[in-house]
Amino acid sequence: MKKIIVFDLDGTLAESKAAIDNEMAKLVHDLLKTTLVAIISGGAWTQFEKQVIAHLPAGSDLCKLSILPTCGTKFYSYEKSKWKMLYAENFTDAQKQKIETSLKNVVERSGFKSGKTWGDQIEDRDSQITFSALGQQAPLIAKKAWDPDFEKRRKIKALLEKLIPEFAINLGGATSIDVTQSGIDKAYGIHKLEVVLKIDIADMLFIGDALFEGGNDHPVKTTGADCIQVGGPEETKIIIRRIISCQINNSDCRRNI
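One gets our numbering by counting positions in the sequence shown from 1 and adding 1080 to each.
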């Protein structure tokens, strides 16, 4: 039986940049009754507030929920009726400028510059710089159509790695590329969970939609944690129901999913 269930957010608990729906909110609420839960995503803290926390039913046991924004470069826990940031691995101003300049250069060279965008394409999240090809506010239907097989972003990533090899670059969401400090990614977040919560990685289960090589969930595989790839929130709901059943019946969670 696993001691903590760790989720990606976009594409796993919710559609890209969208709030969790009522059914998912109730499932997370019920899961928190049986086990610890953590969410690691490329989004900033404000995205977690808007997409998850604001939609959880009253009475949800938030003390059992750990939030790791920007691919684990920050860690929030709920203490004394409020959220507290435990750490943040932020970029220097010089690093931010180099990353943003490199992103703009590579997008121009790649041939994948979008003709229409919705909002800013590059977002400074302090500990992560995120490029969203169609802009931060692009509608979901447009984002899903732009790069469904990740091929455009893989090509951009390959060019970017030549310019800024000192940083970690991963693909996330529907149109995003995340840049963090080298060695700081979702694997880093998993190890932080291990240290902060004093839970062995063997007792963790990670669920995400980008566990393929180059995806921003893929680093979790290197930790040795059990991982489950999902195709979207509806698959995640099925897995959560099975996990709750396993936890209630004290059975091997991984074998029954």
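C-beta atoms are modelled at their ideal positions from N, C-alpha and C, and glycine is treated no differently.
None of the values given here were measured: they were computed from a predicted structure.
By the Cβ criterion, the stretch 1259-1266 is not in contact with the stretch 1216-1235, since fewer than three pairs of Cβ atoms, one from each stretch, lie closer than 8 angstroms. Taking the Cα positions, Lys-1196 is about 21 angstroms away from Ser-1182.
When Cβ pairs closer than 8 angstroms are counted between the two stretches, the stretch 1084-1091 is seen to touch the stretch 1286-1294, the count reaching three or more. About 7 angstroms separates the beta carbon of Phe-1171 from that of Asp-1206, a gap short enough to meet the 8 angstroms contact definition. Annotation for Leu-1112: the continuous alpha helix (DSSP H) segment containing it runs 1102-1114. Judged by DSSP in its simplified three-state form, Leu-1136 adopts coil rather than helix or strand.
Counting only the Cα atoms, Leu-1093 lies some 31 angstroms from Ile-1244.
DSSP, reduced to helix, strand and coil, places Phe-1087 within a strand of the structure shown.
Ile-1236 carries a helical assignment under DSSP once its states are collapsed to helix, strand and coil.
The C-beta of Arg-1322 has fewer than 16 other C-beta atoms within 10 Å across all chains shown, which makes the residue exposed. Counting along the chain, Gly-1253 sits inside no alpha helix (DSSP H), nor does DSSP assign it H or E at all. Per DSSP, reduced to three states, the secondary structure at Asp-1265 is coil, with no helix or strand assignment.
Counting along the chain, Trp-1198 sits inside no beta strand (DSSP E), nor does DSSP assign it H or E at all.
Lys-1144 and Leu-1273 have their C-alpha atoms spaced approximately 12 angstroms apart.
Here the stretch 1218-1236 makes no contact with the stretch 1123-1132; the two share fewer than three CB pairs at distances below 8 angstroms. Counting along the chain, Asp-1173 sits inside the alpha helix (DSSP H) bounded by residues 1173-1190. With distances taken between CA atoms, Ala-1138 lies nearest to Leu-1112 out of Leu-1148, Gly-1152 and Leu-1112.
When Asn-1296, Gly-1304, Ala-1267 and Lys-1242 are compared, the shortest CA-CA separation from Asp-1283 is found for Gly-1304. Collapsing the DSSP output to three states places Val-1310 in coil. For the 8 angstroms CB-CB criterion, Gly-1091 and Gly-1294 do not form a contact.
According to the DSSP assignment, Ile-1221 belongs to the alpha helix (DSSP H) that extends over 1220-1226. C-alpha of Gly-1252 to C-alpha of Pro-1228: approximately 12 angstroms in a straight line. Classified as exposed, Tyr-1167 has fewer than 16 neighbouring CB atoms from the shown chains inside 10 Å of its CB. Counting the other CB atoms within 10 Å of its CB gives Arg-1233 a total of 16 or more, which places it among the buried residues. Under the DSSP assignment, Glu-1129 falls outside any beta strand (DSSP E), being part of the alpha helix (DSSP H) whose first and last residues are 1125-1131. Distance between Glu-1180 and Ile-1264, taken at the CA atoms: about 18 angstroms. Assigned with DSSP and collapsed to three states, Asp-1206 falls in coil, not helix or strand.
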